[in-house]
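Colleague: In our numbering, the protein residues as written are 282 to 837.
Have a look at this one before I ask anything.
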């Protein structure tokens with residue numbers, strides 16, 4: 282294996298696959314930014330995105346054909362980039378056990394895991410992993426093993442017979458050992474996430490029992506976790522999963538999540554066992570296609586040079602967008618990321634990361650259930666947000682004529698700015714509509730019919746303008762999706778919120794307006810439909826034909 286430190290980016294085609302040519306098109310830029318590794322998460326609960334001849338029924342629509350994988354791997358090698366497969370091997374395996382043929386392999390809470398006692402589990406995993414290894418010559422293979430929390434109760438008949446009173450953590454270790462042995466037999470070194478199972482046992486018991494040639498990828502780089510794993514003899518790869526999914530951005534990554542500060546490893550001995558860093562871009566439906574580009578390049582820059590390279594933004598714009606002088610465009614892009622709408626913000630303090638909920642005010646500006654509860658602070662926040670976004674949009678349009686490369690990516694950033702301005706402006710819109718509706722009712726009761734009618738017509742016009750603007754933005758977002766993804770991909774229309782009663786009201790709001798799977802299209806779909814409903818009601822009210830049930834409920 283090469284002694285060069287891994288500097289990698291992880292893409293998530295299992296949840297939403299780019300058009301396949303994009304992965305190849307990105308390679309020259311990834312290499313120029315300093316990446317030497319691409320990790321592909323090829324399977325998850327939603328889909329298996331690689332063609333498998335041994336198990337063809339595990340292949341989902343728009344999966345990579347094997348010839349495409351081979352071409353991608355060859356092209357990546359020409360740019361000094363290795364491609365590592367990630368195939369989840371315990372949890373996140375719905376692509377297997379949600380298929381009718383394999384439902385009997387689902388196990389645990391909600392059948393979220395593969396049954397560790399069923400021999401067929403290992404037959405399927407052997408077929409999958411051996412075929413994937415044939416396509417990827419990299420000496421590394423990532424098996425996931427994250428987010429299963431407590432090992433499921435081993436209460437199925439097979440588990441009771443196979444394991445009896447064996448502690449559950451030992452079942453986990455046995456499963457990991459099987460995976461490690463399979464990969465080692467094919468000359469591969471295993472990577473896995475560092476999320477050991479939780480339960481009434483000590484983490485040290487698990488750590489001491491696992492083979493030490495397994496490399497742990499540390500998801501959050503918390504100092505205490507990293508030291509724990511180093512002290513127990515593991516080599517590590519650090520991971521900063523904050524470019525997209527974990528901060529929950531709706532349009533593009535927030536700057537606060539980009540300027541992460543990896544803590545320093547204390548000793549030379551420890552430093553030699555940090556094998557590199559991978560920056561995942563999970564759940565890319567959170568953002569408009571193309572708007573994670575700056576963040577990906579920024580991550581590489583931060584990891585190559587602590588605190589980043591002076592002039593990074595200018596160099597990025599000159600290289601990626603082909604402008605003669607990237608100073609002005611870089612300044613605009615940096616401002617745009619500082620003022621991105623964000624659901625959760627990453628903060629680094631006292632050597633650890635924390636998440637701060639940020640969604641409340643922006644969700645309120647979207648939400649029909651809370652429009653009558655908008656505070657002056659909500660409206661002011663939205664107004665400032667909209668003003669910042671408008672200034673960014675104007676600046677990007679001003680610089681666009683100088684762009685000679687990747688113009689459509691810049692157009693995605695322009696769309697992001699226009700969306701942000703629209704989101705922020707909803708506060709003033711809804712506060713004004715609610716105010717004018719009350720005044721119209723008061724005027725009508727006072728016998729001031731002409732004034733009441735003027736106010737009602739004004740309400741209708743304001744809502745109609747906003748609905749038209751929202752519909753146009755939605756159409757632009759659809760075109761953005763179709764450009765970067767496959768137009769018939771299910772994620773394009775994943776609009777259903779969770780069933781009534783599931784989760785907290787706050788999270789139901791977030792799911793509803795952030796699309797459940799993070800789709801910006803879902804946010805726009807619902808908010809556009811809501812505005813169009815209100816505009817129709819307002820038109821009827823202005824014509825004196827009917828009342829406005831949708832708005833009347835919001836006047837308190």
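Note that beta-carbon positions come from the ideal geometry of N, C-alpha and C, so glycine has one too.
For clarity, every value in this text was computed on a predicted model and none was experimentally measured.
What are the boundary residues of the alpha helix (DSSP H) that residue 512 is part of?
Modeller: Taking the first residue of the chain shown as position 1, residue 512 is located at position 231. First-last of the alpha helix (DSSP H) with residue 512: 504 to 512.
Colleague: Got a sec? Which residues, its chain only, sit under 7 angstroms from residue 345 by beta carbon, not counting five neighbours each side?
Modeller: Within the chain shown, numbered from 1, the residue matching residue 345 stands at position 64. Counting only Cβ-Cβ distances below 7 angstroms, and skipping sequence neighbours, we find 301, 330, 331, 332.
Colleague: Quick check: the Cα distance between residue 352 and residue 364, rounded to an integer number of angstroms?
Modeller: Within the chain shown, residue 352 is the residue found at index 71, counting from 1. Within the chain shown, residue 364 is the residue found at index 83, counting from 1. A straight line joining the alpha-carbon of residue 352 with that of residue 364 spans about 11 angstroms.
Colleague: Let's test the definition: count the other Cβ atoms within 10 Å of the Cβ of residue 680 and tell me whether it reaches 16, buried, or not, exposed.
Modeller: Here residue 680 refers to the residue found at position 399 of the chain shown. Answer is buried; the Cβ neighbour count reaches 16.
Colleague: Based on Cα-Cα distance, which residue from 660, 718, 491, 499 lies nearest to residue 514?
Modeller: Within the chain shown, the letter at position 233 stands for residue 514. Closest by alpha carbon: 491.
Colleague: Can you name the start and end residues of the alpha helix (DSSP H) that residue 354 belongs to?
Modeller: Your numbering for residue 354 matches position 73 in the chain shown. For residue 354, the enclosing alpha helix (DSSP H) starts and ends at 347 to 359.
Colleague: Is the Cβ-Cβ distance between residue 712 and residue 721 less than 8 angstroms?
Modeller: Indexing the chain shown from 1 puts residue 712 at position 431. Indexing the chain shown from 1 puts residue 721 at position 440. Their beta carbons are not under 8 angstroms apart, which means residue 712 does not touch residue 721 by this criterion.
Colleague: I need the straight-line Cα distance from residue 723 to residue 561, nearest angstrom please.
Modeller: Walking along the chain shown from the start, residue 723 turns up at place 442. Walking along the chain shown from the start, residue 561 turns up at place 280. Each residue's Cα considered, the two are about 56 angstroms apart.
Colleague: Is residue 783 buried or exposed, if buried means 16 or more other CB atoms sit within 10 Å of its CB?
Modeller: Within the chain shown, residue 783 is the residue found at index 502, counting from 1. A caution first: residue 783 carries a pLDDT of 38, below 50, which makes its placement in the model unreliable, though a value can still be read off. Exposed.
Colleague: May I have the straight-line CA-CA distance separating residue 399 from residue 372, to the nearest angstrom?
Modeller: To locate residue 399, count along the chain shown from 1; it is residue 118. To locate residue 372, count along the chain shown from 1; it is residue 91. Computed Cα separation, rounded: 15 angstroms.
Colleague: In the structure shown, what three-state DSSP assignment does residue 669 receive?
Modeller: Counting from one through the chain shown, the residue named residue 669 turns up at place 388. Annotated three-state conformation of residue 669 is helix, per DSSP.
Colleague: Jot down the residue ranges of each uninterrupted beta strand (DSSP E) in the region 285 to 342, minimum 3 residues, whole runs only, in chain order.
Modeller: 287 to 292, 318 to 322
Colleague: In whole angstroms, what separates the C-alpha of residue 772 from that of residue 325?
Modeller: As a first step, residue 772 must be located in the chain shown, where it is residue number 491. As a first step, residue 325 must be located in the chain shown, where it is residue number 44. One C-alpha to the other measures close to 14 angstroms.
Colleague: Measure the alpha-carbon distance for residue 334 versus residue 305 and round it to whole angstroms.
Modeller: Mapped onto the chain shown, residue 334 falls at position 53. Mapped onto the chain shown, residue 305 falls at position 24. Each residue's Cα considered, the two are about 23 angstroms apart.
Colleague: Tell me the residue span of the beta strand (DSSP E) that contains residue 730.
Modeller: The sequence position of residue 730 within the chain shown is 449, counting from 1. From DSSP, residue 730 is part of no beta strand (DSSP E) but of the alpha helix (DSSP H) over 730 to 765.
Colleague: Which of the three DSSP states is assigned to residue 604 in this structure?
Modeller: What you label residue 604 is simply residue 323 of the chain shown in a count that begins at 1. Secondary structure at residue 604: coil, using DSSP grouped into helix, strand and coil.
Colleague: May I have the straight-line CA-CA distance separating residue 290 from residue 751, to the nearest angstrom?
Modeller: Along the chain shown, one-based indexing puts residue 290 at 9. Along the chain shown, one-based indexing puts residue 751 at 470. One C-alpha to the other measures close to 34 angstroms.
Colleague: May I ask you to report which of helix, strand or coil DSSP gives residue 562?
Modeller: If you number the chain shown from 1, residue 562 lands on position 281. Reduced to three states, the DSSP call for residue 562 is strand.
Colleague: Compute the Euclidean distance between the alpha carbons of residue 759 and residue 602, then round it to the nearest angstrom.
Modeller: Here the question's residue 759 lines up with position 478 in the chain shown. Here the question's residue 602 lines up with position 321 in the chain shown. Spanning the two alpha carbons is a distance of roughly 23 angstroms.
Colleague: Which value, in whole angstroms, describes the spacing of the CA atoms of residue 824 and residue 658?
Modeller: The count along the chain shown starts at 1 and reaches residue 824 at position 543. The count along the chain shown starts at 1 and reaches residue 658 at position 377. Separation of residue 824 and residue 658 (C-alpha to C-alpha, rounded to the nearest whole angstrom) is 34 angstroms.
Colleague: By Cβ distance below 7 angstroms, which residues in the same chain neighbour residue 610 in space, the five residues on each side in sequence not counted?
Modeller: What you label residue 610 is simply residue 329 of the chain shown in a count that begins at 1. Here the set comprises 598, 602, 604, 680.
Colleague: State the Cα-Cα distance for the pair residue 554 and residue 442, rounded to the nearest angstrom.
Modeller: Mapped onto the chain shown, residue 554 falls at position 273. Mapped onto the chain shown, residue 442 falls at position 161. So the two alpha carbons sit approximately 40 angstroms from each other.
Colleague: Ignore the nearest five residues each way along the sequence and tell me which others in residue 747's own chain have a CB closer than 7 angstroms to its CB.
Modeller: Here residue 747 refers to the residue found at position 466 when the chain shown is read from its first residue. For residue 747, where only same-chain residues beyond five positions count, the Cβ hits under 7 angstroms are 710, 812.
Colleague: Taking residue 377 as the reference, which of 357, 579, 512, 295 has the closest Cα?
Modeller: The residue given as residue 377 occupies position 96 in the chain shown. It is 295.
Colleague: Is residue 717 buried or exposed, if buried means 16 or more other CB atoms sit within 10 Å of its CB?
Modeller: As a working note, residue 717 is residue 436 in the chain shown. Classification for residue 717: buried.
Colleague: Just the C-alpha distance for residue 462 and residue 576, rounded to the nearest angstrom, thanks.
Modeller: Stepping through the chain shown from its first residue, residue 462 is reached at position 181. Stepping through the chain shown from its first residue, residue 576 is reached at position 295. The alpha-carbon atoms of residue 462 and residue 576 are separated by roughly 37 angstroms.
Colleague: Classify residue 624: buried if its beta carbon has 16 or more other beta carbons within 10 angstroms, exposed otherwise.
Modeller: Counting from 1 along the chain shown, the entry for residue 624 is found at position 343. Because residue 624 carries a pLDDT of 45, less than 50, the predicted location of this residue cannot be relied on, and the following value inherits that uncertainty. With 16 or more other Cβ atoms within 10 Å, it is buried.
Colleague: Relative to the C-alpha of residue 401, which candidate in 387, 414, 412 has its C-alpha closest?
Modeller: Counted from its first residue, the chain shown places residue 401 at position 120. Among 387, 414, 412, the Cα nearest to that of residue 401 is on 387.
Colleague: Are residue 469 and residue 414 touching if we call contact CB-CB under 8 angstroms?
Modeller: For this step, residue 469 is matched to residue 188 along the chain shown. For this step, residue 414 is matched to residue 133 along the chain shown. Against a cut-off of 8 angstroms, the Cβ pair of residue 414 and residue 469 comes out as a contact.
Colleague: For residue 678, which residues in the same chain have their Cβ closer than 8 angstroms to its Cβ, ignoring the five residues on either side in sequence?
Modeller: Start at 1 with the first residue of the chain shown, and residue 678 comes out as number 397. Counting only Cβ-Cβ distances below 8 angstroms, and skipping sequence neighbours, we find 695.
Colleague: Identify whether residue 613 lies in helix, strand or coil by the three-state DSSP scheme.
Modeller: Along the chain shown, read from residue 1 onward, the residue named residue 613 stands at position 332. The answer is helix: DSSP assigns residue 613 an H, G or I state.
Colleague: Name the one or two DSSP bridge partners that residue 499 has.
Modeller: Numbered from 1 along the chain shown, position 218 holds the residue referred to as residue 499. Looking at the DSSP assignment, residue 499 forms a beta bridge with 519.
Colleague: Beta-carbon within less than 7 angstroms of residue 382's beta-carbon, same chain only, minus the 5 sequence neighbours each way: which residues are those?
Modeller: In the chain shown, residue 382 corresponds to position 101, counting from 1. Excluding residues up to 5 positions away in sequence, 338 lie with their Cβ nearer than 7 angstroms to the Cβ of residue 382 in the same chain.
Colleague: If you follow the beta strand (DSSP E) that residue 838 is in, where does it begin and where does it stop?
Modeller: As displayed, the chain neither begins before 282 nor continues past 837, which places residue 838 out of reach and without an answer.
Colleague: Measure the beta-carbon distance from residue 422 to residue 472 and round it to whole angstroms, keeping in mind my assumption that it falls under 8 angstroms.
Modeller: To locate residue 422, count along the chain shown from 1; it is residue 141. To locate residue 472, count along the chain shown from 1; it is residue 191. Indeed, because the Cβ distance is near 7 angstroms, the residues count as touching under 8 angstroms.
Colleague: How long is the line joining the alpha carbons of residue 780 and residue 735, rounded to whole angstroms?
Modeller: Within the chain shown, residue 780 is the residue found at index 499, counting from 1. Within the chain shown, residue 735 is the residue found at index 454, counting from 1. For residue 780, the predicted model reports a pLDDT of 39, less than 50, meaning its position is unreliable; a value from the coordinates is still stated below. Taking the straight line joining both Cα atoms gives about 41 angstroms.
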